[in-house]
Structures are given as C-alpha cells and as structure tokens.
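Reminder that position 163 of the sequence shown reads as 183 in my numbering, one-by-one numbering, no gaps.
Okay, so here's the structure we're looking at.
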Amino acid sequence: MSPDLVPSDPLSKTELTELLTELDQTLVALPEDPDALQQRSRVLLKLHREQEALDSANRVTQLSPDRAKAWILKGRILLKMKRYEAAIAAFTRASELNAEDISAWFGISQALFRSAQYEEALKNLDRILVLQPDNADALYSKACCYARQGNYLAGLDFLQRALATGADRFREVARQDPDLAALRTHPQFPAVVR
Numbered sequence: 021m022s023p024d025l026v027p028s029d030p031l032s033k034t035e036l037t038e039l040l041t042e043l044d045q046t047l048v049a050l051p052e053d054p055d056a057l058q059q060r061s062r063v064l065l066k067l068h069r070e071q072e073a074l075d076s077a078n079r080v081t082q083l084s085p086d087r088a089k090a091w092i093l094k095g096r097i098l099l100k101m102k103r104y105e106a107a108i109a110a111f112t113r114a115s116e117l118n119a120e121d122i123s124a125w126f127g128i129s130q131a132l133f134r135s136a137q138y139e140e141a142l143k144n145l146d147r148i149l150v151l152q153p154d155n156a157d158a159l160y161s162k163a164c165c166y167a168r169q170g171n172y173l174a175g176l177d178f179l180q181r182a183l184a185t186g187a188d189r190f191r192e193v194a195r196q197d198p199d200l201a202a203l204r205t206h207p208q209f210p211a212v213v214r
C-alpha cells in the first residue's frame with residue numbers, strides 16, 4: 021500500500037547520529053523546546069530507535085497538543101512499531117486538528133489496512149479523494165484494499181485509474197507488490213499495467 025509514511029532522508033547514519041547529538045545538546049539548554057523534540061523524534065525514527073522516538077513524540081504532544089504534525093509523526097512511529105490502534109488514534113487526532121492534511125488520512129488508512137480493516141481503510145481513502153480526486157497514491161491504495169478483499173474488478177479499476185494520472189511509478193510496483201498478488205493472476209492485469 022502506498023505511500024511510504026517514513027520519508028527517505030539523504031543523511032547517512034553518521035550524519036543522523038551527529039544531528040541527534042546536537043539536538044540533545046539543545047535540549048539540555050531548552051528541555052521543553054517542542055521543535056527540537058519533534059526533530060529529535062524524527063531522527064530517532066530514521067535511526068530505527070522507535071521507542072526513543074515515541075518518547076520524544078509523546079513529549080511534543082504533551083507540550084503542544086494542538087500540533088498536528090507532531091501527532092502525524094507519533095502515528096508514523098506507532099505504525100512502524102505495529103501498534104495500529106494507537107497509530108489510528110494519533111492520526112485521527114491530527115485529522116481533527118487539520119482535516120485537510122491528507123497525510124493524517126493516509127496514516128489512518130495505512131494502519132487500518134495493516135490491521136486488515138479494509139472497508140474502513142477504503143472510507144478514509146475516499147476522504148483523500150474528496151480533497152484530491154486524482155491522488156494516485158490514494159487510488160493505488162484503494163486498488164490494494166480491493167485486491168486484499170478479493171474484489172478483483174474494483175482493484176483493477178483503481179489500479180488503472182492510478183496509472184491514468186500519469187503515476188507510471190506504479191506500473192513496476194504493481195508487478196511486485198504483495199498487496200496486489202491476487203490481481204496479477206487476473207487475465208486483465210497485463211493490459212492494465214502495460
């Protein structure tokens with residue numbers, strides 16, 4: 021399912037570790053700086069230190085409970101930790117704070133998808149499509165949900181719609197994505213991804 025909720029970062033592990041040291045020094049002087057804590061949480065997540073990242077994210081949401089991006093980050097961490105219900109709660113809080121931030125809706129959808137709640141994931145993806153009708157990631161994600169449900173025709177339709185947006189990156193992804201494995205056996209699949 022798309023999109024990847026932990027964006028790639030060009031920084032090396034060494035550079036991330038150095039940045040973490042700088043952030044820790046900043047937090048010695050300013051222990052309640054939500055910006056530094058949030059950045060620290062991001063760095064820790066990229067270093068695969070999820071529990072520490074979650075601890076920092078929790079501190080940010082305590083200090084700044086109306087900061088939607090902090091709730092999204094917390095949701096991403098919980099998603100990576102496979103704590104799906106808690107991730108849904110964090111992303112839901114972010115969506116309440118900023119209903120037009122589609123990353124919150126994607127987060128909810130991804131947590132629902134990973135916990136096999138496909139109908140609910142589809143409803144959240146529809147919220148994204150209300151805001152951005154041609155969002156290729158949402159269309160592709162709907163294809164994945166339908167494929168997992170065994171609704172091959174709907175899955176193929178949404179895959180075709182995602183590709184029609186010009187998002188050719190999904191052409192190759194669809195050929196390998198385990199979430200679309202059921203669609204690949206359908207006779208129409210080769211024509212859709214051609």
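Glycine included, every Cβ here is placed at the ideal spot set by N, Cα and C.
Computed from a predicted model, the values in this text were never measured in an experiment.
Quick check: the Cα distance between Ala141 and Arg204, rounded to an integer number of angstroms? As a first step, residue 141 is located in the sequence shown; it is residue number 121 there, counting from the start. As a first step, residue 204 is located in the sequence shown; it is residue number 184 there, counting from the start. In a straight line, the C-alpha of Ala141 is about 22 Å away from that of Arg204.
Neighbour-count burial assignment, Thr41, 16 or more Cβ in a 10 Å radius: Here residue 41 corresponds to residue number 21 of the sequence shown, with the count starting at 1. Thr41 is exposed by the Cβ-count criterion.
Does Ser135 come out as helix, strand or coil in the three-state DSSP assignment? Position 115 of the sequence shown, counted from the first residue, corresponds to residue 135. It is coil, neither helix nor strand.
Answer with buried or exposed for Gly175, where buried requires no fewer than 16 other C-beta atoms within 10 angstroms of its C-beta. Indexing the sequence shown from 1 puts residue 175 at position 155. By the neighbour-count rule (16 or more Cβ atoms within 10 Å), Gly175 is buried.
Could you tell me if Val213 is buried or exposed, where buried requires 16 or more neighbouring beta carbons within 10 angstroms of its beta carbon? Numbered from its first residue, the sequence shown carries residue 213 at position 193. Val213 is buried by the Cβ-count criterion.
Does the distance from the CB of Ala230 to the CB of Leu93 come in under 7 Å? With the chain covering 21 to 214 only, the question about residue 230 has no answer from this structure.
Using a Cβ-Cβ cutoff of less than 8 Å, which residues in the same chain neighbour Leu64 once the five nearest sequence positions on both sides are dropped? Counting from one through the sequence shown, the residue named residue 64 turns up at place 44. Taken in chain order, the residues that qualify are Leu40, Glu70, Glu72, Ala73 and Ser76.
Which residues in the same chain have their Cβ closer than 8 Å to the Cβ of Thr46, if we skip the five residues on either side of it in sequence? Here residue 46 refers to the residue found at position 26 of the sequence shown. Same-chain partners within the cutoff: Asp53 and Ala56.
Burial state of Val150 (16 or more Cβ within 10 Å): On the sequence shown, residue 150 is found 130 positions in, with the first residue counted as 1. Within 10 angstroms of the beta-carbon of Val150 lie fewer than 16 other beta-carbons, which makes it exposed.
N- and C-terminal bounds of the alpha helix (DSSP H) containing Lys33: Indexing the sequence shown from 1 puts residue 33 at position 13. From DSSP, the alpha helix (DSSP H) with Lys33 extends over Lys33 to Ala49.
Buried or exposed: where does Ala211 fall if 16 or more other Cβ atoms within 10 Å of its Cβ makes it buried? One-based indexing of the sequence shown puts residue 211 at position 191. Exposed, since its Cβ has fewer than 16 Cβ neighbours within 10 Å.
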